[in-house]
Amino acid sequence: MATLTSVNDQITDATRSRTHAALGDVLVSLTQSAGISYQNAVNAQQQATLNAQAATTQGVATIYGIDTAPTGLATKETP
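Counting the sequence shown from 1 gives a position; this note's numbering is that position plus 60.
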């Protein structure tokens with residue numbers, strides 16, 4: 061079994077401080093990644109909404125543009 065030796069308090073404080081700093085760096089990186097993911101999700105949702113609106117507008121314009129009685133048969137009286 062290893063024998064216990066006294067370690068200078070400055071060394072343990074420096075080691076603990078660096079470990080905490082590394083954990084802080086990891087947390088900052090994770091939160092930034094999450095933020096970018098949320099921004100990308102919002103952007104994708106906005107693009108999907110824009111595409112849906114364009115498709116609806118084009119569909120309505122197509123429906124209104126259809127000539128339902130090109131030969132006048134729709135208004136012709138039947139005997």
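Positions of the beta carbon are idealized from the N, C-alpha and C atoms, including for glycine.
What separation, rounded to the nearest whole angstrom, lies between the Cα atoms of Ile96 and Thr122?
Going from the Cα of Ile96 to the Cα of Thr122 covers about 39 Å.
Compute the Euclidean distance between the alpha carbons of Ala101 and Gln92, then round it to the nearest angstrom.
The straight-line gap from Cα to Cα measures roughly 14 Å.
Who are the near neighbours of Ser89 in its chain, counting only those whose CB is closer than 7 Å to its CB and skipping five residues on each side?
Correct list: empty, nothing qualifies.
Might you give, ordered along the chain, the residues of its own chain that have their beta carbon closer than 6 Å to the beta carbon of Gln106, omitting 5 neighbours on each side?
Excluding sequence neighbours, Gln106 sits near nothing in its chain.
Rounded to a whole number of angstroms, what is the C-alpha to C-alpha distance between Ala104 and Ala114?
One C-alpha to the other measures close to 15 Å.
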